[in-house]
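Asks: Just so it is clear: in the sequence shown, position 50 is 78 by my numbering, and no numbers are missing.
Mind having a look at this structure? Questions to follow.
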Amino acid sequence: MTTAPAIKILVADDDPELLNLISSHARSIEGSTVIEASDGEEALRLARSERPGLVLLDVMMPGMSGWEVCRAIREEEGLRDAKVIMLTGIGERLNEMTSPLYGADAYLDKPFDLDDLSDRIEELVGCRPAG
29 MTTAPAIKIL VADDDPELLN LISSHARSIE GSTVIEASDG EEALRLARSE
79 RPGLVLLDVM MPGMSGWEVC RAIREEEGLR DAKVIMLTGI GERLNEMTSP
129 LYGADAYLDK PFDLDDLSDR IEELVGCRPA G
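Following this line, the structure appears as structure tokens:
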């Protein structure tokens, strides 16, 4: 495991099992603080109040989509430097076209391997989850 300064991570997914899995994986980063949201509106509210350095966003969530949350993060002065990874089930080709439009730094197609998620996290913020 690579150690890095403490990082605050927001994980947003409306599937409770996946939210728990991803959050547990993110917590294995030494010094990390993980905040959870189960819908887009809660994710944006928590992003505004908690100012995470990394956001892991499901695309299809009730209320507000992950894409909308990502765009709002990019438009807000205090949030725009956060790294955003989109977690989607919409297909790689569509992700390649859509992620840059909304300002996502990376994306992963569901289902994904936790090693792939670890790789993306390490590329973006310089620390890697254990395991």
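In this text, a Cβ means the ideal position worked out from N, Cα and C, and glycines have one as well.
Check the DSSP bridge columns for ALA132 and list the partner residues they point to.
Replies: For ALA132, which the question treats as bridged, DSSP gives no partner whatsoever.
Asks: Who pairs with GLU64 in a beta bridge, going by DSSP?
Replies: According to DSSP, which records beta bridges pairwise, GLU64 is partnered with VAL39.
Asks: Just to check my reading of the structure: ILE113 and ARG148 have Cβ atoms closer than 8 Å, yes? What is that Cβ distance to the nearest angstrom?
Replies: Between ARG148 and ILE113 the Cβ distance is about 5 Å, and since that is below 8 Å, they are a contact.
Asks: Would you say VAL97 and LEU72 are within 8 Å of each other, going by their C-beta atoms?
Replies: Going by C-beta atoms, VAL97 is nearer than 8 Å to LEU72.
Asks: Provide the residue span of the alpha helix (DSSP H) that contains LEU145, from first to last.
Replies: LEU145 -> alpha helix (DSSP H) spans 142 to 153.
Asks: Less than 8 Å between C-beta atoms, sequence neighbours within five positions excluded: which residues of the same chain meet that for ASN123?
Replies: Because ASN123 carries a pLDDT of 47, less than 50, the predicted location of this residue cannot be relied on, and the following value inherits that uncertainty. Contacts found: MET114, THR116, TYR135, ASP137.
Asks: Would you tell me roughly how many angstroms separate the C-alpha atoms of GLY91 and GLU64, rounded to the nearest one?
Replies: Their backbone Cα atoms lie some 16 Å apart in a straight line.
Asks: Considering only residues of the same chain and omitting the five flanking positions on each side of PRO44, which have a CB-CB separation below 8 Å?
Replies: Hits under 8 Å: SER66.
Asks: Kindly indicate which three-state DSSP category ILE57 falls into: helix, strand or coil?
Replies: Three-state DSSP puts ILE57 in coil, outside helix and strand.
Asks: Pull up the distance between the alpha-carbon of SER93 and that of ARG99, whole angstroms please.
Replies: Each residue's alpha carbon lies about 10 Å from the other.
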